[in-house]
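Residue numbers (my numbering), protein chains in the order written: chain A, 770 to 1364; chain B, 30 to 194.
Just so it is clear, CB atoms sit at the ideal spot from N, CA and C, and this is done for glycine as well.
As the structure is a computational prediction, the values presented were derived from the model and not from experiment.
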Ligand SMILES: Cc1cc2nc3c(=O)[nH]c(=O)nc-3n(C[C@H](O)[C@H](O)[C@H](O)COP(=O)(O)O)c2cc1C
Ligand code: SF4
Ligand code: FES
């Protein structure tokens, strides 16, 4: 028994701000203080509050230290662990109460969250299967194999109302049923850990924090559909997640939880990892399977659907990481428990990666039906620097923007679709008044144009033309007719593309046109970018009443576009100016403006 | 998908590298869909996938060179060109972009005098735009080889370059 535990976040965010060194420092300091037999240090997965990383939590008190530096470690060891005095200066300020510390679950960031998929992230050491087992790990698999028929498993999943967390929200039970109904002696279970949405990192955090939950669920799915082989397709950009998953698979094999005759039954199942190689389209189900086959990851025409003819031509199911992370708990707690959370048609919780112009960037898990306002204002802590909320983007390159007027929309699959966005995998990017919505639409379209596999014409050429039209808008060369043409082209691309990438690519354009048309019109009619982002439409100028002629701007201009005489107002030669903004940052008198 | 720009840097692979590759391939040949892992292994050994390496892969894996080339050019992570000793990757994922990573990327281009996907003449730095690396909480972020830098501004660019010079 240890009298105290130190949890150090080993998620990607915290790892990149030195949490590994912090971990090592704790180990050496504890040893030096002779405490290494009494206090245990554990490297966990993500706590969610990435903005304040690196995060260290000390139990039994539950002291939540944020932005810890390596230099702070000796103080925590000598003060907190040796003398029992919490180091208040390092506590996350929301947990500081007059009488000691306030529990993390009472802070605004965590209060409205409800952790199901992330239940064990930040709680257990993901590299130790015993810790997962101590939290009922692999009990669901045991229950399924020894007490339930495959059909009963599917019925439970169907009854829970679980829908796919990878994007489209297809009912998971129904998907499994299709694959079960297909007759074949070889079937496959795949996990989509490609996480292509640029700005989302939920799946990564689940795999880094609780990899066994995914392995267990895949084994349950395999039993349900009659498969004995699984593949996890994971992005190569996620080295920590890959490594933890490898360790987890190895440990599960050693414990006989993967392999032959699991739990003494005649059920066999094993799992392999396949790395992606940086192609967004490989997140699409048929493309993912083609890629596992070792080919160019181009989508295939459906039908036949993967449940009938998928990987290597055999019946296959593919689910997202977060979808799997819910499965074992549904089996153990029952479908009614799961269905008691969420809205009528969207049950359970959803993990969002909160990013962009928001105070508490990080990972949050909320019951379906939570409003965007609660996410942004309460959990997210609002917009920094006193700026105004302008929009939130969900669904990544396939989604859309939710304007401030719809901030009270309860978030679920159907509501998001109705307002022209979509759940997607769970990226939620907040934008403030300094974000240009035309520029954002262009950003996403550049992404999809680059990632289009080129197999079908509407997507390959249509999106390229659409991007060119957007470039016309952002450079002030477009006409009002172009806006109508763009809209028509969007619908054409959506209706005629082969796969989900092309079918959803115009969504960011359509949704910004719908809610921010006046911003497009300002670019077109007034040749003006209201947010001051589109470089071709802004000019820099010096206010002669504020300029004292210190010459600092002129010295910092990389292209010598600023001229003047010392102690007299300077001027900018707009024909030379490259709009890099170097001068604005330098001026201490706020004399330079961009319009 | 990625544009095809073939390198004019002469191939300098060693027999030791080739032996290592052939050994790895012999194993991967047996697993279903082994071509992707094979190319990943090859890139790990050589740092990039010039035509000479692709020929070895095609030969051992018993597939046509066309097929190998087709797969290599489909995936952004396979590179036909050698990379710099320090690989700079600026994240242009959504969270980072909203926080100004586009400007940081431009600053690198200017200060290194190279374009995206290129390598400086001395072979020291190469510059790429990357997708979300999952550190959105620290946006805007960039990586230099394995090191991650977060919460950046354009003012940090010169310092980061200097650190590796
Ligand atoms: C272009 C494209 C990219 C996709 N990327 C992902 C992804 O990165 N991760 C994911 O889980 N699903 C992604 N999907 C959705 C998958 O095709 C598939 O619907 C999903 O993995 C099914 O799992 P689920 O039912 O558990 O959500 C993508 C779809 C398209 C069309
Ligand atoms: S819609 Fe785009 S990504 Fe999908 S098959 Fe067609 S070209 Fe490829
Ligand atoms: S968008 Fe840059 S790390 Fe996620």
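List, from N- to C-terminal side, the alpha helix (DSSP H) runs of 4 residues or more that fit wholly inside the stretch 1262-1348 of chain A. Qualifying alpha helix (DSSP H) stretches, in chain order: 1269-1273, 1276-1284, 1286-1294, 1321-1325.
Between residue 796/A and the rest of its own chain, which residues show a CB-CB distance below 8 Å, the 5 nearest in sequence each way excluded? The residue given as residue 796/A occupies position 27 in the first chain. So the list reads 805, 810, once near-sequence residues are dropped.
Just to check, is the beta-carbon of residue 864/A closer than 7 Å to a non-hydrogen atom of ligand 1? Mapped onto the first chain, residue 864/A falls at position 95. Not so, every heavy atom of ligand 1 lies at least 7 Å from the Cβ.
Taking 8 Å as the threshold (C-beta atoms), are residue 85/B and residue 59/B in contact? Along the second chain, read from residue 1 onward, the residue named residue 59/B stands at position 30. Along the second chain, read from residue 1 onward, the residue named residue 85/B stands at position 56. Judged by beta-carbon spacing, residue 85/B lies beyond the 8 Å limit of residue 59/B, meaning their Cβ atoms are not closer than that value.
The stretch 1005-1018 of chain A: positions lying closer than 7 Å to chain B by Cβ: Those would be 1005, 1006, 1007, in chain order.
Is the stretch 1080-1087 of chain A touching the stretch 1097-1109 of chain A, taking contact as three or more C-beta pairs under 8 Å? Judged by Cβ distances under 8 Å, the stretch 1080-1087 of chain A makes no contact with the stretch 1097-1109 of chain A, as fewer than three pairs qualify.
May I ask you to list the residues that DSSP assigns as paired with residue 932/A? To locate residue 932/A, count along the first chain from 1; it is residue 163. Residue 932/A has 940/A as its beta-bridge partners, per DSSP.
Could you give the residue range of the beta strand (DSSP E) that holds residue 826/A? Against the first chain, residue 826/A aligns to sequence position 57. Run containing residue 826/A: 825-828, per the beta strand (DSSP E) assignment.
To test your reading of the DSSP string, which unbroken alpha helix (DSSP H) runs of 4 or more residues are found completely within the stretch 1067-1141 of chain A? The alpha helix (DSSP H) runs of length 4 or more contained entirely in the stretch 1067-1141 of chain A are, from start to end of the chain, 1090-1102, 1104-1108.
Could you name the residues of the stretch 88-116 of chain B whose beta carbon sits closer than 7 Å to any beta carbon of chain A, in the order they occur along the chain? Within the stretch 88-116 of chain B, the residues whose Cβ lies closer than 7 Å to some Cβ of chain A are 99, 100, 103, 104, 105, 106, 107, listed in chain order.
Would you check if the stretch 1173-1185 of chain A and the stretch 950-958 of chain A touch, i.e. whether three or more CB-CB distances between them fall below 8 Å? Output reads no: the stretch 1173-1185 of chain A does not touch the stretch 950-958 of chain A.
DSSP on residue 1386/A, reduced to helix/strand/coil? There is simply no residue 1386/A to check, as chain A begins at 770 and stops at 1364 in what is shown.
Could you say which of 1201/A, 1166/A, 1195/A, 1321/A lies nearest to residue 1154/A if we only look at CA atoms? Taking the first residue of the first chain as 1, we reach residue 1154/A at position 385. Answer by Cα proximity: 1201/A.
Where the alpha helix (DSSP H) through residue 998/A begins and ends: Residue 998/A sits at position 229 when you count from the first residue of the first chain. Counting along the chain, no alpha helix (DSSP H) covers residue 998/A; the unbroken beta strand (DSSP E) around it starts and ends at 998-1003.
Going along the chain, which unbroken runs of the alpha helix (DSSP H) with 4 or more residues stay wholly within the stretch 940-1002 of chain A? Correct list: 941-950, 971-978, 980-994.
Do the stretch 1004-1012 of chain A and the stretch 916-933 of chain A meet, that is, are 3 or more Cβ pairs less than 8 Å apart? The answer is no - the stretch 916-933 of chain A does not touch the stretch 1004-1012 of chain A, with fewer than three Cβ pairs under 8 Å.
Do the CB positions of residue 793/A and residue 828/A come within less than 8 Å of each other? Position 24 of the first chain, counted from the start, is the residue given in the question as residue 793/A. Position 59 of the first chain, counted from the start, is the residue given in the question as residue 828/A. Contact annotation: residue 793/A and residue 828/A have beta-carbon atoms that are not nearer than 8 Å.
Nearer than 7 Å: is that true of the beta carbon of residue 974/A relative to any heavy atom of ligand 1? Counting from 1 along the first chain, the entry for residue 974/A is found at position 205. Not so, every heavy atom of ligand 1 lies at least 7 Å from the Cβ.
Answer yes or no: does any C-beta atom of chain B fall closer than 8 Å to that of residue 807/A? The residue given as residue 807/A occupies position 38 in the first chain. Residue 807/A does not count as touching chain B.
At a Cβ threshold of 8 Å, is residue 128/B touching chain A? Position 99 of the second chain holds residue 128/B. Chain A contact via Cβ: present.
Where residue 907/A falls: helix, strand or coil (DSSP): Within the first chain, numbered from 1, the residue matching residue 907/A stands at position 138. Note: residue 907/A maps to coil in three-state DSSP.
For a test of the three-state rule: what should DSSP assign to residue 162/B, helix, strand or coil? By one-based count along the second chain, residue 162/B stands at place 133. Coil.
Under three-state DSSP, which class holds residue 115/B? Locating residue 115/B in the second chain gives position 86, where the first residue counts as 1. DSSP places residue 115/B in strand when its eight states are reduced to three.
Indicate whether at least one CB of chain B lies closer than 8 Å to the CB of residue 1198/A. Reading the first chain from its first residue, position 429 is the one you call residue 1198/A. Interface residue, yes.
Under a criterion of Cβ closer than 6 Å to any non-hydrogen atom of ligand 2, which residues qualify, in chain order? Per the Cβ criterion, the list is 1050/A, 1068/A, 1221/A, 1222/A, 1223/A, 1224/A, 1225/A, 1228/A, 1229/A, 1266/A, 1267/A, 1268/A, 1270/A, 1271/A.
Under 9 Å between beta-carbons, which chain B residues line up against residue 1162/A? List them in chain order, please. Residue mapping note: residue 1162/A aligns to position 393 of the first chain, counting from 1. Per Cβ cutoff of 9 Å: 123, 127.
Please classify residue 160/B as buried or exposed, where buried requires at least 16 neighbouring CB atoms within 10 angstroms. For the purposes of this step, residue 160/B is taken as the residue at position 131 of the second chain. By the neighbour-count rule (16 or more Cβ atoms within 10 Å), residue 160/B is buried.
Pairing CB atoms from the stretch 1124-1136 of chain A with CB atoms from the stretch 884-892 of chain A, are three or more of them under 8 Å? The stretch 1124-1136 of chain A vs the stretch 884-892 of chain A: in contact.
Is it buried or exposed, residue 1144/A, if we count other Cβ atoms within 10 angstroms and call 16 or more buried? As a working mapping, residue 1144/A is identified with position 375 in the first chain. In summary, residue 1144/A is buried, with 16 or more beta-carbon neighbours lying within 10 Å of its beta-carbon over all protein chains present.
Does the Cβ of residue 990/A lie closer than 7 Å to at least one heavy atom of ligand 1? As a position in the first chain, residue 990/A is number 221, starting the count at 1. Not one heavy atom of ligand 1 sits closer than 7 Å to the Cβ of residue 990/A.
How is the beta strand (DSSP E) around residue 173/B delimited, first residue to last? Translated into positions along the second chain, residue 173/B becomes position 144. Unbroken beta strand (DSSP E) run through residue 173/B: 171-173.
Ligand 1 heavy atoms versus the CB of residue 1118/A: any closer than 7 Å? For the purposes of this step, residue 1118/A is identified with residue 349 of the first chain, where counting begins at 1. No - ligand 1 has no heavy atom lying nearer than 7 Å to the Cβ of residue 1118/A.
Listed in chain order, which residues of the stretch 1062-1078 of chain A have Cβ atoms closer than 9 Å to some Cβ of chain B? Sequence-ordered contacts of the stretch 1062-1078 of chain A with chain B read 1062, 1063, 1064, 1065, 1066, 1067 [C-beta pairs closer than 9 Å].
With residue 101/B and residue 109/B assumed to form a contact (beta carbons below 8 Å), what rounded beta-carbon distance in angstroms separates them? Taking the first residue of the second chain as position 1, residue 101/B is located at position 72. Taking the first residue of the second chain as position 1, residue 109/B is located at position 80. The Cβ separation is near 7 Å, so the contact holds.
Please state the DSSP three-state secondary structure of residue 85/B. Locating residue 85/B in the second chain gives position 56, where the first residue counts as 1. Residue state, collapsed to three classes: helix.
Residues near residue 199/B by beta carbon distance below 8 Å, same chain, minus five either side: What the structure shows of chain B is the stretch from 30 to 194, and residue 199/B is not part of that stretch, so it cannot be assessed.
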